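Take a look at the structure below.
Residue numbers (our numbering), protein chains in the order written: chain A, 1 to 113; chain B, 1 to 112.
This is the structure:
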């Protein structure tokens with residue numbers, strides 16, 4: 001079944017740790033996105049990719065990095081987590097045509113102590 | 001400046017009645033407008049969209065209305081059901097730009 005997956009769903013870590021949030025999609029979509037979202041706020045785009053070996057930073061300044069070595073995989077890495085990184089991280093992908101709709105994974109809720 | 005605004009942080013509606021969620025935008029270049037539904041600790045789910053050349057799109061209980069002169073769109077849910085309780089996000093996009101611009105969401109509470 002075509003879908004988009006994120007792991008872990010929840011993560012609690014200490015300050016200074018390096019973490020990687022995983023995102024994979026089985027829909028063959030070229031375009032993938034990472035968002036950060038806090039309660040009562042809009043989704044903020046932090047990274048996006050329009051294909052393999054193509055990554056760009058979004059509107060929200062982020063200390064994270066991403067890679068896109070395979071079409072289906074778009075991991076996000078924080079080299080040194082801080083309490084200010086506590087948030088929900090959402091991965092999305094977009095196929096061809098339509099109204100630019102994006103399809104989201106279940107998200108990772110990150111808490112940095 | 002926010003290009004997409006949802007001015008009501010929350011809305012409470014009786015089960016069975018109509019829920020109307022509103023969204024305003026400032027950029028007249030937007031080609032598409034989308035509505036998403038989000039439960040806590042889950043990712044947003046696409047609900048319905050409308051092209052800027054239309055003024056209405058309907059899908060089951062969900063209807064989106066677009067008023068381009070007022071730069072306003074609304075999502076109508078009829079009849080409202082308990083499972084509709086969630087945060088609803090409005091988003092907009094320019095055709096050639098594959099990014100979505102998001103509103104801050106409206107929390108819809110359906111009362112039994």
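Even glycine gets a Cβ: it sits at the ideal position worked out from N, Cα and C. In this text, all values refer to a predicted model and were calculated from it rather than measured experimentally.
Query, Result
"When you compare only the Cα positions, how much space is there between residue 23 (chain B) and residue 90 (chain B)?", "6 angstroms"
"Cβ closer than 8 angstroms: which chain A residues qualify as neighbours of residue 58 (chain B)?", "Near residue 58 (chain B) there are no residues of chain A at all, since even the closest Cβ is about 15 angstroms away, more than 8 angstroms."
"Just list the beta strand (DSSP E) runs in the stretch 32 to 99 of chain A, keeping only unbroken ones of 3 residues or longer that don't cross its boundaries, in chain order.", "44 to 51, 54 to 57, 64 to 66, 76 to 78 and 87 to 94"
"Between the stretch 8 to 22 of chain A and the stretch 37 to 57 of chain A, are three or more C-beta pairs nearer than 8 angstroms?", "no"
"Could you run through the stretch 95 to 109 of chain A and flag, in chain order, every residue whose CB is less than 7 angstroms away from some CB of chain B?", "99, 100, 101, 102, 103, 104, 105, 106, 107 and 109"
"What span of residues does the beta strand (DSSP E) with residue 109 (chain B) cover, start to end?", "106 to 111"
"Closer than 9 angstroms by beta-carbon distance: list the chain B residues that pair up with residue 22 (chain A), in chain order.", "In chain order: nothing, as chain B lies at least about 14 angstroms away."
"How long is the line joining the alpha carbons of residue 83 (chain B) and residue 81 (chain A), rounded to whole angstroms?", "36 angstroms"
"Which residues in chain B sit within 9 angstroms of residue 48 (chain A), going by Cβ to Cβ distance?", "98 and 99"
"Within this structure, are the beta carbons of residue 37 (chain B) and residue 21 (chain B) separated by less than 8 angstroms?", "no"
"Work out the CA separation of residue 3 (chain A) and residue 106 (chain A) for me, nearest whole Å.", "10 angstroms"
"Report yes or no: do three or more beta-carbon pairs, one from the stretch 60 to 75 of chain B and one from the stretch 10 to 18 of chain B, lie closer than 8 angstroms?", "no"
"Helix, strand or coil: how does DSSP classify residue 84 (chain B) here?", "helix"
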